[in-house]
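What follows is a single structure, written as structure tokens, with notes after it.
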Amino acid sequence: MFEGWASEFLAASLGRFVDVQRDKLRISLWSGSGVLENVRLRAEAFDYLNLPFAIHDGVVGRLRIKIPWGNWLTGSLVVELSDVVLCAAERADSEWEEAAALRREQAAKQADLAAAELAKLSRRVVAQQQQQEQASQQQQVLQQQ
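According to UniProt numbering, the sequence shown is numbered sequentially starting from 1.
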């Protein structure tokens with residue numbers, strides 16, 4: 001059950017940047033790791049960075065995620081990328097015009113909103129875990145009495 005939720009959470013988070021096929025996502029909650037192989041990058045996902053070049057296509061050979069379940073609040077989530085291939089080219093002058101700039105600005109705003117939603121969801125999950133831990137501790141105290 002929890003593995004299914006974690007899989008959905010990671011797929012939604014990573015799905016902004018890569019084409020995630022949930023059946024290809026291998027996740028192990030006990031080890032705190034997840035692996036995706038041979039995934040295509042979403043070229044438009046990087047527009048908000050306003051890079052002087054455009055990414056046209058890309059593939060990540062292996063994407064590995066390490067989740068610090070033991071110290072969720074203070075630990076760092078680690079994402080390792082290997083065998084990354086990008087096809088990039090210089091942006092045309094027309095891409096720096098107002099309409100293209102507005103599209104990139106909109107993409108940046110959407111990225112900020114998605115990050116805020118992810119942070120909100122993370123806080124909610126942590127709060128639920130803390131409530132469950134408190135309830136479990138209270139049950140243990142009642143059983144000992």
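In this text, a Cβ means the ideal position worked out from N, Cα and C, and glycines have one as well.
The segment 57-72 and the segment 33-48 touch, with no fewer than 3 CB-CB distances between them shorter than 8 angstroms. Between the segment 43-63 and the segment 82-91, the count of C-beta pairs closer than 8 angstroms reaches three or more; the two stretches touch. Ala127 and Gln134 have their C-alpha atoms roughly 11 angstroms apart. Note on geometry: alpha-carbon atoms of Arg124 and Glu98 lie some 39 angstroms from one another. When only Cα atoms are considered, Leu121 and Ala101 end up about 30 angstroms apart. The Cβ atoms of Gly75 and Pro68 sit closer than 8 angstroms to each other. A check of alpha carbon separations from Val84 across Arg16, Val39, Phe9, Ser136 identifies Val39 as the nearest. Judged by beta-carbon spacing, Arg26 lies beyond the 8 angstroms limit of Ala114, meaning their Cβ atoms are not closer than that value.
If the five residues before and after Tyr48 are omitted, its C-beta is found closer than 7 angstroms to the C-beta atoms of Arg104, Ala107, Ala108, Ala111, all from its own chain and listed in chain order. The closest CA to that of Cys87, considering only Glu80, Asp23, Arg42, is found on Arg42.
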